[in-house]
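Step one of this worksheet: look at the structure below.
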Amino acid sequence: VTHLRRLGFVLVSFLGITIVTFAVLGAAGPAITAADEAEPRAEPGARDRAARLAERYALDRPLFYNPSPPDAAAKRPAAERERLRRVLGAPVPEFVTRLFAADDYALSEGLALLHREAAFPDFGHARGPRGAPPSADDARHNAALRRDAALWWRRHENEHRERPTIWRATLGRITETRYAAWLGDLVRLDFGDSLSIRPQARVLDLVRERLPVTLAVMGVATLVLFAIGVPLGLACAARRGRAFDRVAQGALFVLHATPEFWVGTLAIVYLASDAHWRLFPVGGILSPDVAAAVAAGEARWSPRVLLDAGHHLVLPVLVLVFPASVVVARHVRAAAIETLGSRFVTALRARGIPERRIVFSHVMRNCAPPVIALFTSVLPGLVTGSILIEVLFSLEGMGLLSWQAAIYRDFPVGMAVLALVAVVMLLAHVLGDLLHALADPRVRRP
Amino acid sequence: VKARIAICVLVALAGLAAVAPLLANERPLAVVAGGASTFPAFAALDRADVFWAAAFVACLGMVLPRLGRAALVLLAALVAGFGAFAFEPRALEPPPPGARVFSAPVSYGPTNTDVARRLAGIGAPGHPLGTDDVGRDVLARLLHGLRLSLLVGFAATAVAVAAGVLLGVWAACGGRAADAIASSVVQTSFCVPAAFVVAAVQSFGPISLAAVILLLALLRFGTVARLVRQECLKVRAQPFVLAARGLGLHPLRVLTRHVLPNALVPVTVAAAFGVAGAILSEAGLSFLGLGVPERIPSLGRMLNDGRRVATLAPHLVVLPGLLILVLVLACHTVGAWLRDLADPRGAEPGS
């Protein structure tokens, strides 16, 4: 039952996340079409960008509740439907399904027919020679056309299907809404096309390129975080009250208040520029020559590539983790000092085991649960910091993508990144909970 | 002792911020020509500036002992009354020849450019802390940026605490359904990172200062709500609440007079750290160019502008960062002090 409750919480939080991102969209929705009416772009189909965006975000629908969901019977009289069936040789839904299975040319011709007969929008024509493989440009155009038509059909399918009355009274009222359309796209990982970062590229492709970099940086950062924080905290606990501990506490207090972007900037200026010392490279995750070698087919995991990437990541990772490692070090110190007062430590001391070994082996194990619980609380700082360091060090990750989306006003990308990051954070929370329960069997709370 | 220093630093910085438009302004404070005198800098103040000064004086009044408090509240009322006049910013007229001009200590505003002296170092004539790459006075920008940082820090925290307290009390006292709803709201707010939300909103178009404050607050109320809920549940289980209930007091009265004052103690600690966090977030966002609109001077933006010329003029990068560091450090010290006051068991000698 506790597992079910936990699952329920995750689901509710997921819905919450989608509602938050949807609210961002809803707050700015009217601006979408307003901004585009000034500048209609007819690529790739004949429909301009405003119409396609209105379709994408289902702007013509109510937000959460649709009192009259569309239905073929309500939309068209029976005689009209009969005529369409004769013209097309099949009912509209089946005809369209067959179209999507056909090649690009048949698809665009079928869509043109539907445009004339059944009030479909004009999606434009497929390009390229028929029968022969099209050029890359034409293939991209045709793929965009296909996506465009598929999206339109997904949104308007129900206007051409006959639905039972009960559907119109219940489910249809919920599913034929703006939020349901948004949620459906999100679950399908269909975030639409990028507007300005790379026009007409699928947002999903952009994200797929950028995600590995961010995940790698975050993974390394997490390791470094605990590799710095835990020993430092334990060392302070072992020498509590002495000069080392006092100095470290003071330094940690100041470090905790230090803005990481400031440290990052200073690090670039003093450690990675030609004016002072050039100890570290800046910009990207690989040097140009190594990146070229990888593109030319060198193994991705060869020592040279890994070393180069590591060299590039030293500064970003250090800048990213120092605020969080301060938090970890202080919590570890507090937990360790608390454990040092317990009876088993006295027993260990009585057996003559050196203090250092007690702290670094026996006490450390007892500090594991609070440290794992801590991870979820430092995670937001790490994720927010990832934007800063990715922009500062121009690492091509999700943070940089989100920043570009804001700077170039590419809102499909911005929303997609927000939703994905939130879902990843949710998963991290769940993972943290599970690990916590694993490390500390007393914690079996929902 | 540390806490006292930190509070003094905060108060001093807030005071500087409150009177920033009088300290750094291209308009002279007073021009005396013959018998008539005009006050261009004062005339250009708007209501927000005056409100700031009044709020600062009122806040100062709260910490001082009683006599000083009365005097300062009076002063605040006076300042506020002064602000009720509608000031109309007029175009600056060159002072007539022979007039005695009393200029502001820094005779440049945060956006005025002194093109002839770009990238001046510290101690340049007329620019105590130098100028940046387009000739804006660094000290003037620091003072005005400080103002923005403090405004965002305190306003965002105030909104976050208000929302968090409401939600937390509702969760603690509203029954199981309320608790479930509130805790899923809180859980959701933990999963949504602030910077990405601001970036997503910015990807539709530029946002205003109020929107930045609201967003930062929205993403911080979760911690407060969780804290308030815990504390409310803890306090409600104590005998004196039962006694108050036994006396037949109205539940709302029990809540506001007996439960909340005791439950809010840890919230003040969280608020002190929250101010620091909000200041850092705002500076970080402005650093990325995702924060407040460009015309408002901000410490983070100064840092970003200075980045381009950091090798030529390191003070452009070092000074704003140091100011942020001092601000945040002061907030943290106050927070740690409050924490030790609220929970003396956790306090350690010398920390």
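Residue numbers (this note's numbering), protein chains in the order written: chain A, 7 to 452; chain B, 35 to 385.
Yeah, the Cβ is synthetic: ideal placement off N, Cα and C, and Gly gets one too.
Item                                                                                                                                                                                          : Value
So who's on the other strand from T147 of chain B, going by DSSP bridges?                                                                                                                     : B:R170
Applying the 10 Å Cβ sphere with the 16-neighbour rule, what's the burial state of A251 of chain B?                                                                                           : buried
Using beta carbons (cut-off 8 Å, strictly below), is V351 of chain B in contact with chain A?                                                                                                 : yes
For the region 230-247 of chain B, which residues have a CB atom closer than 7 Å to at least one CB atom of chain A, in sequence order?                                                       : F230, V231, A233, A234, V235, Q236, S237, F238, G239
Using a Cβ-Cβ cut-off of 6 Å (strictly less than) and excluding sequence neighbours within five positions of A120 of chain B, which residues of its own chain qualify?                        : Note that A120 of chain B scores 47 on pLDDT, short of 50, meaning its location in the model is unreliable and no value can be drawn from it.
Where do the N-terminal and C-terminal ends of the alpha helix (DSSP H) with W159 of chain A fall, by residue?                                                                                : 142-162
Tell me which residues share the same chain as I203 of chain A and place their Cβ nearer than 8 Å to its Cβ, disregarding the 5 neighbours each side in the sequence.                         : L212, L407, Q410, A411, Y414, D416, V419
Could you name the residues of the same chain whose beta carbon sits closer than 7 Å to that of V427 of chain A, not counting the 5 residues immediately before and after it, in chain order? : V389, M404
Which residues in the same chain as L398 of chain A place their Cβ atom closer than 8 Å to its Cβ, once the five residues preceding and following it in sequence are excluded?                : F267, G270, T271, I274, P322, V325
When you compare the CB of V421 of chain A with every CB in chain B, is at least one pair closer than 8 Å?                                                                                    : The displayed chain sequence assigns Met, not Val, to residue 421 of chain A. Interface residue, yes.
Could you run through the region 158-186 of chain B and flag, in chain order, every residue whose CB is less than 9 Å away from some CB of chain A?                                           : none
Looking at chain A, which residues of the region 283-299 of chain B have a Cβ within less than 7 Å of any of its Cβ atoms?                                                                    : none
Can you tell me whether C365 of chain B is buried or exposed? The criterion is at least 16 other CB atoms within 10 Å of its CB, across all chains shown.                                     : buried
Quick check: A342 of chain A and L231 of chain A, are their CB atoms within less than 8 Å of each other?                                                                                      : no
Determine the DSSP secondary structure at A259 of chain B, reduced to helix, strand or coil.                                                                                                  : helix
Looking only at its own chain, which residues have a Cβ that is under 8 Å from the Cβ of F20 of chain A, when we skip the five neighbours before and after it?                                : V429, L432
Taking only beta-carbon positions, decide if W283 of chain A is within less than 8 Å of chain B.                                                                                              : no
At the level of alpha carbons, what is the spacing between N338 of chain B and P127 of chain A?                                                                                               : 47 Å
Determine the closest residue to T145 of chain B out of B:T165, B:R373, B:G155, with distance taken between C-alpha atoms.                                                                    : B:T165
Taking only three categories from DSSP, how would you classify T165 of chain B?                                                                                                               : strand
Give me the Cβ distance between V368 of chain B and A51 of chain B, rounded to the nearest whole Å; I'm assuming they're in contact under 8 Å.                                                : V368 of chain B to A51 of chain B, Cβ: 16 Å. No contact.
Taking the CB atoms as reference points, tell me whether A57 of chain A and R161 of chain A lie closer together than 8 Å.                                                                     : no
Among A:R245, A:L151, A:R133, A:R174, which one has its Cα closest to the Cα of V365 of chain A?                                                                                              : A:R245
Can you pull the chain A residues whose beta carbon is under 7 Å from the beta carbon of G323 of chain B, in chain order?                                                                     : I413
Any C-beta of chain A sitting closer than 8 Å to the C-beta of I358 of chain B?                                                                                                               : yes
Give the interface partners of G355 of chain B over in chain A, defined as CB-CB distance under 9 Å, in chain order.                                                                          : T264, P265, F267, W268, V269, T271, L272
Using CA atoms only, rank isn't needed, just tell me which of A:L444, A:A379, A:F15, A:V423 is closest to A216 of chain B.                                                                    : A:F15
Could you give the distance in angstroms between the alpha-carbon of E61 of chain A and the alpha-carbon of R214 of chain A?                                                                  : 24 Å
Would DSSP call P452 of chain A helix, strand or coil?                                                                                                                                        : A caution first: P452 of chain A carries a pLDDT of 40, below 50, which makes its placement in the model unreliable, though a value can still be read off. Here P452 of chain A sits in coil by DSSP.
Am I right that V301 of chain B and L261 of chain B are in contact with their C-beta atoms under 8 Å? What's the rounded C-beta distance?                                                     : 6 Å
DSSP beta-bridge partners for A335 of chain A?                                                                                                                                                : According to DSSP, A335 of chain A bridges with nothing at all.
Which residues in chain A have a C-beta closer than 7 Å to the C-beta of T191 of chain B? List them in chain order.                                                                           : Under the 7 Å cutoff, chain A gives no residues; its nearest Cβ is about 16 Å from T191 of chain B.
Under the three-state reduction of DSSP, which class applies to R208 of chain A: helix, strand or coil?                                                                                       : strand
In this structure, how does DSSP classify V43 of chain B when only helix, strand and coil are distinguished?                                                                                  : helix
Buried or exposed, going by whether 16 or more other CB atoms sit within 10 Å of the CB of E168 of chain A?                                                                                   : exposed
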